[in-house]
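The listed protein sequences correspond, in order, to chains A and B.
According to the working numbering, the first sequence is numbered sequentially starting from 194.
According to the working numbering, the second sequence is numbered sequentially starting from 194.
Each residue gets a CB set at the ideal place from its N, CA and C atoms; glycine is no exception.
2 protein chains.
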Amino acid sequence: MSEARVTDETVKPAPKALPRGPTEGPLTPEELQLSARNHSMPLEALRYDITPLGLHYLLIHFDIPMIEAAHWRLAIGGHVARPLELTLNDIRARPSVTLPVTLECAGNGRSRLFPRPVSQPWVTEAVGTGLWTGTPLAGLLAEAGVAENAVEIVFTGADHGLEKGHELDYARSLSVAEAERPEILLAYAMNGQPLLPQHGFPLRLIVPGWYGMASVKWLTRIEAVTEPFKGYYQASNYHYRSGPDDPGEPVRRIRPRALMVPPGFPDFLTRKRTVAAGSCRIEGRAWSGQAPVERVVLGIDGRWLEAVLDPAPGLFAWRRWSCVWEAEPGEHMLSCRATDASGQSQPLEQNWNWIGVGNNMVQAVPVTVR
Amino acid sequence: MSEARVTDETVKPAPKALPRGPTEGPLTPEELQLSARNHSMPLEALRYDITPLGLHYLLIHFDIPMIEAAHWRLAIGGHVARPLELTLNDIRARPSVTLPVTLECAGNGRSRLFPRPVSQPWVTEAVGTGLWTGTPLAGLLAEAGVAENAVEIVFTGADHGLEKGHELDYARSLSVAEAERPEILLAYAMNGQPLLPQHGFPLRLIVPGWYGMASVKWLTRIEAVTEPFKGYYQASNYHYRSGPDDPGEPVRRIRPRALMVPPGFPDFLTRKRTVAAGSCRIEGRAWSGQAPVERVVLGIDGRWLEAVLDPAPGLFAWRRWSCVWEAEPGEHMLSCRATDASGQSQPLEQNWNWIGVGNNMVQAVPVTVR
Numbered sequence: 194m195s196e197a198r199v200t201d202e203t204v205k206p207a208p209k210a211l212p213r214g215p216t217e218g219p220l221t222p223e224e225l226q227l228s229a230r231n232h233s234m235p236l237e238a239l240r241y242d243i244t245p246l247g248l249h250y251l252l253i254h255f256d257i258p259m260i261e262a263a264h265w266r267l268a269i270g271g272h273v274a275r276p277l278e279l280t281l282n283d284i285r286a287r288p289s290v291t292l293p294v295t296l297e298c299a300g301n302g303r304s305r306l307f308p309r310p311v312s313q314p315w316v317t318e319a320v321g322t323g324l325w326t327g328t329p330l331a332g333l334l335a336e337a338g339v340a341e342n343a344v345e346i347v348f349t350g351a352d353h354g355l356e357k358g359h360e361l362d363y364a365r366s367l368s369v370a371e372a373e374r375p376e377i378l379l380a381y382a383m384n385g386q387p388l389l390p391q392h393g394f395p396l397r398l399i400v401p402g403w404y405g406m407a408s409v410k411w412l413t414r415i416e417a418v419t420e421p422f423k424g425y426y427q428a429s430n431y432h433y434r435s436g437p438d439d440p441g442e443p444v445r446r447i448r449p450r451a452l453m454v455p456p457g458f459p460d461f462l463t464r465k466r467t468v469a470a471g472s473c474r475i476e477g478r479a480w481s482g483q484a485p486v487e488r489v490v491l492g493i494d495g496r497w498l499e500a501v502l503d504p505a506p507g508l509f510a511w512r513r514w515s516c517v518w519e520a521e522p523g524e525h526m527l528s529c530r531a532t533d534a535s536g537q538s539q540p541l542e543q544n545w546n547w548i549g550v551g552n553n554m555v556q557a558v559p560v561t562v563r
Numbered sequence: 194m195s196e197a198r199v200t201d202e203t204v205k206p207a208p209k210a211l212p213r214g215p216t217e218g219p220l221t222p223e224e225l226q227l228s229a230r231n232h233s234m235p236l237e238a239l240r241y242d243i244t245p246l247g248l249h250y251l252l253i254h255f256d257i258p259m260i261e262a263a264h265w266r267l268a269i270g271g272h273v274a275r276p277l278e279l280t281l282n283d284i285r286a287r288p289s290v291t292l293p294v295t296l297e298c299a300g301n302g303r304s305r306l307f308p309r310p311v312s313q314p315w316v317t318e319a320v321g322t323g324l325w326t327g328t329p330l331a332g333l334l335a336e337a338g339v340a341e342n343a344v345e346i347v348f349t350g351a352d353h354g355l356e357k358g359h360e361l362d363y364a365r366s367l368s369v370a371e372a373e374r375p376e377i378l379l380a381y382a383m384n385g386q387p388l389l390p391q392h393g394f395p396l397r398l399i400v401p402g403w404y405g406m407a408s409v410k411w412l413t414r415i416e417a418v419t420e421p422f423k424g425y426y427q428a429s430n431y432h433y434r435s436g437p438d439d440p441g442e443p444v445r446r447i448r449p450r451a452l453m454v455p456p457g458f459p460d461f462l463t464r465k466r467t468v469a470a471g472s473c474r475i476e477g478r479a480w481s482g483q484a485p486v487e488r489v490v491l492g493i494d495g496r497w498l499e500a501v502l503d504p505a506p507g508l509f510a511w512r513r514w515s516c517v518w519e520a521e522p523g524e525h526m527l528s529c530r531a532t533d534a535s536g537q538s539q540p541l542e543q544n545w546n547w548i549g550v551g552n553n554m555v556q557a558v559p560v561t562v563r
């Protein structure tokens, strides 16, 4: 077999060039490959207050780094009075806090956009609620002594790769004031266990209320800087742009969203649901990073019913909602819609932008009642 | 908003009917939805002998059942002398065995087929190796006393739904002789922890050497039967068919496959790899359910190098392989190919069949060296 060449394209037509911007065309093999490696939370897991291990969504830009805790160090430096280099045990010896936090990918809902930005093609399930344990970032920043002229704190992970021609370690920043919020954690445990490799072992940032891109995984460096950070994932990606030349506004806090546990049972291929006629309790979870969720309505073919909200398990975690529907035989379209205390509701139509972030359009679940 | 109707199709063209058989057309939204909920193992996790929790592949036909262990029972019945009804503690009190087992979905590689059968569109990553703990099935079958005229044992799970018009609980059978193999487990733990909900909590079958469809999750019933089982997932699905009218041969044991840890680092969107010139150790894992893997070769642009094989962690688990490549600047196509002790090697071209099972065509990894 010395002459045999493997091309992965022995029979298929040659692959087409990727669209350069949002497309009206079909899904590409590149999007399928991303969808295969980045995990969604199957929607039936909305039944749990805390998402079981392995069901929380995962968005991993490059490869999962394989880090040995014994050799790992966290450097805290830049414009600080007392640079620190800490082992994992050093960090575990600091005061610890455990918080339930709902994280959601900024790109959640992207594949429902038309035209569709070509990137990780989430449907609606890029969410999860972990019980995160760590030490408050503010305490370590105080130990290091952030300089008065510092404007931002930059967080760098061990994950390395290329995006749009930029070769880089994944990095994001927060303003000093934001970084000092008491709920921001350097987390080393999730659901009572050391972080799994794919969730940032041995240490990650958790920024409650913000879309997931802020919660840098596999942390290696924290630096205070005196100029706003211009890294690719801060200044170029993760902006609400109307088109390629619009600098846009940065993506920050999670927009309100409600999702339902799909009722009844599914068809394997289409996921279309079948429900028994009669009283049917529809339940789900709702969250917003901007303000507490105050209201959820369940839509039945365009008629809206008030849902009952349970208390949230924490300030930054989703709330369970439920509503009884008298299901009558036939075809129905169910949806749910959250409103938060800032007055924002989910849009009924797509929330379109150039890179497909923050699309919190209401979920639509077609159901056959019989 | 009482009149507002949510359709999920406010701007998109109306969805097309799904192709009825294999298609030369683009990926469908239904395949994307399946790809979102069924998890692949990111290929960098080939670095681990035992796949960390949350990185093992998942194929879930219907919804993940939410089962409370306190109310759950396993019924062992049908043509047996002494029907049993067991609690989880009853099963945990039986002799326990812990085995590393590589499981792979029969549909792994489906999306690489042309024409493409429309179902879960795996690329190459539907695999994982768990450390499974349970009690041997054979012991419980002996306790129950399988009747002499029984021909098969049927395993039924709690997962319920529709496929191709069949409404059913997921169920599969094994011949009595196969079911009595000593390595077949009723497993209640994975990687030292109680099963996660998505892996079959509280109890699942593990059939080492077979594709994953045999390892029924969320077990509720085990029945000895005197006629071959004709359930949908036994008699209709999971067959190697040449076309819609060919009954085909049943899918059973895992065909040989080697995969590599993608070298260097990726581009986010294309996953194309960049590698530094010079000596580069390429590593991966190889497995076969038919016989031990005896040889792996690494392909570099059609030239094949012998890889070194490490011992397997168990009779039914993958083996690590590695090979040093002197990487020269330019574009290269890497591949790897396993051969097992039965003499079977992976094909260089697609292993096509009507429903896209058992496609163990060699992996192809394009790499830029610089």
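What three-state label does DSSP hand residue i in the structure shown?
i	result
residue 195 of chain B	Residue confidence is low: residue 195 of chain B scores 42 on pLDDT, short of 50, so the model does not pin down where it sits. No coordinate-derived value is stated.
residue 381 of chain B	strand
residue 452 of chain A	strand
residue 337 of chain B	helix
residue 499 of chain B	strand
residue 273 of chain A	strand
residue 531 of chain B	strand
Does the CB of residue i have a neighbour CB from chain A at under 9 Å?
i	result
residue 148 of chain B	One cannot answer for residue 148 of chain B here, as it falls past the ends of chain B, which runs 194 to 563.
residue 195 of chain B	With a pLDDT of 42 at residue 195 of chain B, under the threshold of 50, the modelled position of that residue is not reliable, and the figure given next carries that caveat. With 9 Å as the cut-off, residue 195 of chain B counts as an interface residue toward chain A.
residue 294 of chain B	no
residue 240 of chain B	yes
residue 504 of chain B	no
residue 553 of chain B	no
residue 439 of chain B	no
residue 219 of chain B	yes
May I have the straight-line CA-CA distance separating residue i from residue j, to the nearest angstrom?
i	j	result
residue 195 of chain A	residue 497 of chain B	Below a pLDDT of 50, predicted positions are generally treated as unreliable, and residue 195 of chain A, at 41, falls in that range; the measurement from the model is reported next regardless. Their backbone Cα atoms lie some 6 Å apart in a straight line.
residue 277 of chain A	residue 271 of chain A	10 Å
residue 545 of chain A	residue 243 of chain A	30 Å
residue 372 of chain B	residue 273 of chain B	14 Å
residue 236 of chain B	residue 412 of chain B	30 Å
residue 523 of chain A	residue 392 of chain B	34 Å
residue 475 of chain A	residue 516 of chain A	5 Å
residue 436 of chain A	residue 254 of chain A	23 Å
residue 299 of chain A	residue 389 of chain A	22 Å
residue 351 of chain B	residue 408 of chain B	13 Å
residue 506 of chain B	residue 251 of chain B	22 Å
residue 428 of chain A	residue 325 of chain A	28 Å
residue 549 of chain A	residue 310 of chain B	29 Å
residue 308 of chain B	residue 551 of chain B	15 Å
What residues from chain B crowd round residue i, counting only those whose CB sits closer than 9 Å?
i	result
residue 429 of chain A	Those do not exist, as residue 429 of chain A stays about 13 Å from chain B at its closest Cβ, beyond 9 Å.
Can you find the residues in the same chain that come closer than 6 Å, C-beta to C-beta, to residue i, ignoring five residues on each side of it along the sequence?
i	result
residue 377 of chain B	330 and 400
residue 316 of chain A	304
residue 327 of chain A	378, 379, 380 and 381
residue 509 of chain A	294, 401 and 402
Short of 7 Å in beta carbon distance, which residues of its chain neighbour residue i, apart from the five on each side in sequence? Order them along the chain.
i	result
residue 520 of chain B	468, 470, 471, 473 and 562
residue 225 of chain B	none
residue 525 of chain A	493, 494, 560 and 562
residue 484 of chain A	533, 534 and 535
residue 572 of chain A	Look at the range of chain A in this structure, 194 to 563, and you will see that residue 572 of chain A is not part of it.
Within the 9 Å Cβ cut-off, does residue i reach chain B?
i	result
residue 316 of chain A	yes
residue 491 of chain A	no
residue 225 of chain A	yes
residue 356 of chain A	yes
Spatial neighbours of residue i within its chain, please: CB distance less than 8 Å, with the 5 preceding and 5 following residues excluded, ordered by chain position.
i	result
residue 375 of chain A	329 and 331
residue 447 of chain B	295, 297, 402, 403, 404, 480, 481, 482 and 483
At 8 Å on the CB atoms, spell out the chain B contacts of residue i, in chain order.
i	result
residue 253 of chain A	235
List, in chain order, every chain A residue whose beta-carbon is nearer than 7 Å to that of residue i.
i	result
residue 205 of chain B	307
residue 259 of chain B	240
Mind pulling the chain B residues with CB within less than 7 Å of residue i?
i	result
residue 512 of chain A	Near residue 512 of chain A there are no residues of chain B at all, since even the closest Cβ is about 19 Å away, more than 7 Å.
Just to make sure I have the definition right: I need the residues of chain A whose C-beta is within less than 9 Å of the C-beta of residue i. Which are they?
i	result
residue 312 of chain B	461 and 462
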